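Trainee: Line by line, the protein sequences are chains A and B. Count along the first sequence from 1, then add 305; that gives the number in our numbering. Position 205, counted from 1, in the second sequence is what our numbering calls 193; the numbers after and before it change by one each time, with no gaps. Dropping the structure in here first, questions after.
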Amino acid sequence: MDLIATWLLHTLRHPSLTAGLLARLGSLACLALLSLSGPASAGGFLIVQSTTSTQNSGLYDYLLPIFEQSVDFRVHVVAVGTGQALRNAANCDGDLLIVHAKAAELEFVAKGYGSQRFDLMYNDFVLVGPQDDPAQVGTAETIAEALHRLADTKAPFISRADDSGTHQKEMALWQAAGLDPRPASGTWYLETGAGMGASLGTAIEVRGYTLSDRATWIAFAKKRDHAILFEGSPELFNQYGIIPVSPQHCPKVKSARAQALLEWLLGASGQEAIAAYRRFGQQLFFPNAQR
Amino acid sequence: MNEIGQALSIAIDLIRKGDPDLLEIVGLSLRVSLSALVLACLIGYPVGAMLATLRFPGRGLLLIFMNTLMGLPPVVAGLLVYLVLSRAGPLGVLELLYTPGAMIIAQTLLITPIVAALTHQVIEDLYHEYRDLLKSMRANPWQRLVTLLWDARFSLLTAALAGFGRALAEVGAVMIVGGNINHYTRVMTSAITLSTAKGEFEFALALGIILFALALLVNAALLSLRAQFTRWSHHHA
């Protein structure tokens, strides 16, 4: 031990040797800082703040490679609930929004955060539950009746409870049925605060019911004994919107790139690509851009 | 039981075939966590050593603070870094949010206290042994620091590996500041979270196996290094 200490003190007392030691430490530091900048993709990137359903259903993994062939930048998708996506975009942490809660979207544009909102595509929400359907929602005439049966039988119901588009829809449906399930939270009404896929997983494990967008349900890999029990009512329509973040609100926003992706998605090739996406043989999203 | 067995065999297949997505994710995990480790050591070693060898007002408070930060929950580290790096935040101009750089910063914040606190313990013990020798050699504080750090290098490796393990295993911070972007900020833990949410347990399990294997490897390397060092110091004693 003493030997090393003596050697080191000797090194430190000779400036040239000390310099060598410092240089080595310095280059290590530089290396670490260099990697901070990340892998510089040639033309930079664009950040899309998006709902979880479009990611969990695999749509972006299919669409974006097609789009990226024609541009010199990459598209980075941050998938969070619609509420959080709108909030992140209002903080200028995104360039383009793809979400599904029309009222909140219009408010976002009205406040000047987004420049304009366009319809992009649609599918529908479905009520999913265990096949043997203990609450008998399968024979209900309306979605309101189905929700009443859930509340009456106190069958486990999984709520996203994350201010996502799906959660906002769910709350609107309860309200339209004249019910408020929130006082029952923690008993039969279970609030996960998680994404669509994770909430489906929870519903399946506790043999409970949940409201899901059709795309995430179809794409979910481990359905076990769960099935769609109620569907097809007009209240369950699920419209996706696309909004570029306003350059007046966020001067640093990558407007040209956001515009390029928007034009492509709303144009013929993007709309065709959306329609062509299939999981387990089924179409998940139906394009309905109005241009 | 059958389901676990099936998932396991598909997972092992993915690893054996060297699935490109899998390799990319493992590569990014290592790059981010190793970078965070280098930064954490560059900060944590000198800070820990200074706290062990120098006496100054506020030192006790600093020690308590540092030891508390060792238990900082990853999501809190993630939240703090998010707020600072958001374009609406004080360092928004750097445009680091949702990049590997943001993940490195969050993990550095998370593991620097661990490296510093463990370094402090190691150096303090060593300093008791060396104090008289260093005094007799009239070493200045800077020389003392470097000497102690150098002599404790094998023990300090343990501190580094403890930090590395925590960085590699955390998901809360990288999820928030990285955004789990495919081919860009998706690391092992955030990919496991997403795959589980999609009900794709095979891919999640494959990553879990790799994560576990890496932990084994790191610990095996550590033990063999220590064994070698013990032999080496006996030889030179």
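Every residue gets a Cβ at the ideal spot worked out from N, C-alpha and C, and that includes glycine. This structure is a prediction, so every number in the text was calculated from the model and none was measured.
For D307(A), which residues of its own chain have a beta-carbon under 8 Å away from its beta-carbon, when the five flanking residues on both sides are left out?
Mentor: For D307(A), the pLDDT reaches just 46, beneath the cut-off of 50, and the residue's location in the model is therefore unreliable, leaving the point undetermined.
Trainee: Count the other CB atoms within 10 Å of the CB of R4(B); is the residue buried (16 or more) or exposed (fewer)?
Mentor: So R4(B) ends up on the exposed side.
Trainee: Are the C-beta atoms of H381(A) and some chain B residue less than 8 Å apart?
Mentor: Yes, contact with chain B.
Trainee: Take the Cβ of T444(A) as the centre, count every other Cβ of all protein chains shown within 10 Å, and call the residue buried at 16 or more, exposed below.
Mentor: Exposed, since its Cβ has fewer than 16 Cβ neighbours within 10 Å.
Trainee: Between the C-alpha atoms of L204(B) and P592(A), what's the straight-line distance to the nearest angstrom?
Mentor: Approximately 49 Å, taken between the alpha carbons.
Trainee: Determine the direct distance from the alpha carbon of P61(B) to that of G498(A), and round the result to whole angstroms.
Mentor: Approximately 19 Å, taken between the alpha carbons.
Trainee: Only counting the same chain, and skipping five residues up and downstream in sequence, which positions put a Cβ closer than 8 Å to that of I523(A)?
Mentor: Correct list, in chain order: S362, R584, F585, Q587 and L589.
Trainee: Is it true that the CB of L84(B) sits closer than 8 Å to the CB of L68(B)?
Mentor: Going by C-beta atoms, L68(B) is not nearer than 8 Å to L84(B).
Trainee: Assuming S358(A) and V431(A) form a contact by the criterion Cβ under 8 Å, report the distance between their Cβ atoms to the nearest whole angstrom.
Mentor: With a Cβ gap of about 12 Å, S358(A) and V431(A) do not count as contacting.
Trainee: Between G500(A) and chain B, is there a C-beta pair that is closer than 8 Å?
Mentor: For G500(A), the answer is yes, since a Cβ of chain B falls inside 8 Å of its Cβ.
Trainee: Among residues of its own chain, excluding the 5 on either side of S490(A), which ones have a beta-carbon nearer than 7 Å to its beta-carbon?
Mentor: Excluding positions up to five away in sequence, the list reads E496.
Trainee: Would C555(A) pass as a contact of R75(B) if the rule is Cβ separation under 8 Å?
Mentor: In this structure, R75(B) lies closer than 8 Å to C555(A) by Cβ.
Trainee: Have a look at P101(B), Y172(B) and E(-9)(B) and flag the residue whose alpha-carbon is nearest the alpha-carbon of G36(B).
Mentor: For G36(B), the nearest C-alpha among the options comes from P101(B).
Trainee: If you run the structure through DSSP and keep just helix, strand and coil, what is L18(B)?
Mentor: Looking at L18(B) - three-state DSSP - the assignment turns out to be helix.
Trainee: Verify the CB distance criterion: does S342(A) have a CB-CB separation below 8 Å to chain B?
Mentor: Note that S342(A) scores 47 on pLDDT, short of 50, meaning its location in the model is unreliable; the coordinates nonetheless yield the value given after this. It does; some Cβ of chain B falls within 8 Å.
Trainee: Using only the alpha-carbon positions, how far apart do L16(B) and Y70(B) sit?
Mentor: If you take the alpha carbons of L16(B) and Y70(B), they lie about 20 Å apart.
Trainee: Pop quiz: G470(A) and V404(A) are said to be a contact at Cβ under 8 Å. What is the actual Cβ separation, rounded to whole angstroms?
Mentor: 6 Å between Cβ atoms; contact.
Trainee: With a threshold of 8 Å between beta carbons, is F189(B) in contact with chain A?
Mentor: Taking Cβ atoms only, chain A reaches closer than 8 Å to F189(B), which makes this a yes.
Trainee: Is there at least one Cβ from chain B nearer than 8 Å to N396(A)'s Cβ?
Mentor: Closer than 8 Å: yes.
Trainee: Can you tell me the Cβ-Cβ gap for A40(B) and Y115(B), rounded? I've got them flagged as a contact below 8 Å.
Mentor: Indeed they touch by this definition, with Cβ atoms about 6 Å apart.
Trainee: In the structure shown, what three-state DSSP assignment does G434(A) receive?
Mentor: Here G434(A) sits in strand by DSSP.
Trainee: Let's see if you can read the secondary structure: which residues bound the alpha helix (DSSP H) around V72(B)?
Mentor: Element bounds for V72(B): P62 to L73.
Trainee: How would you label S23(B), buried or exposed, when you count the other beta carbons within 10 angstroms and need 16 or more for buried?
Mentor: Label assigned to S23(B): buried.
Trainee: For L133(B), which residues of its own chain have a beta-carbon under 8 Å away from its beta-carbon, when the five flanking residues on both sides are left out?
Mentor: Excluding residues within five positions, the ones whose Cβ falls inside 8 Å are P34, A37, M38 and T41.
Trainee: Based on the DSSP output, what are the partners of H531(A) in its beta bridges?
Mentor: Answer is P435(A).
Trainee: For H381(A), which of helix, strand or coil comes out of DSSP?
Mentor: Strand.
Trainee: In whole angstroms, what is the alpha-carbon distance linking A208(B) and L51(B)?
Mentor: One C-alpha to the other measures close to 31 Å.
Trainee: How is D485(A) classed by DSSP in three states: helix, strand or coil?
Mentor: In this structure, D485(A) counts as coil in the three-state DSSP scheme.
Trainee: Taking buried to mean at least 16 other C-beta atoms within 10 Å of its own C-beta, is G46(B) buried or exposed?
Mentor: Exposed, since its Cβ has fewer than 16 Cβ neighbours within 10 Å.
Trainee: For the alpha helix (DSSP H) that N543(A) lies in, which residues bound it at each end?
Mentor: No alpha helix (DSSP H) contains N543(A), which is instead part of the beta strand (DSSP E) from F542 to P549.
Trainee: Please list the terminal residues of the continuous alpha helix (DSSP H) segment that includes I111(B).
Mentor: Its alpha helix (DSSP H) spans residues P88 to S124.
Trainee: Name the DSSP beta bridge partners of L401(A), please?
Mentor: Bridge partners of L401(A): V353(A) and P549(A).
Trainee: So who's on the other strand from T515(A), going by DSSP bridges?
Mentor: Answer is V433(A) and I463(A), bridged to T515(A).
Trainee: Measuring CA to CA, which of I99(B), D9(B), P78(B) and G48(B) is closest to S21(B)?
Mentor: Of the candidates I99(B), D9(B), P78(B) and G48(B), the one whose C-alpha sits nearest the C-alpha of S21(B) is I99(B).
Trainee: Between A215(B) and N55(B), what straight-line distance do the alpha-carbon atoms span, to the nearest angstrom?
Mentor: For A215(B) and N55(B), the distance between alpha carbons rounds to 29 Å.
Trainee: Is A208(B) close to chain A? Criterion is C-beta to C-beta, closer than 8 Å.
Mentor: Chain A, which has no Cβ nearer than 8 Å to the Cβ of A208(B), makes this no.
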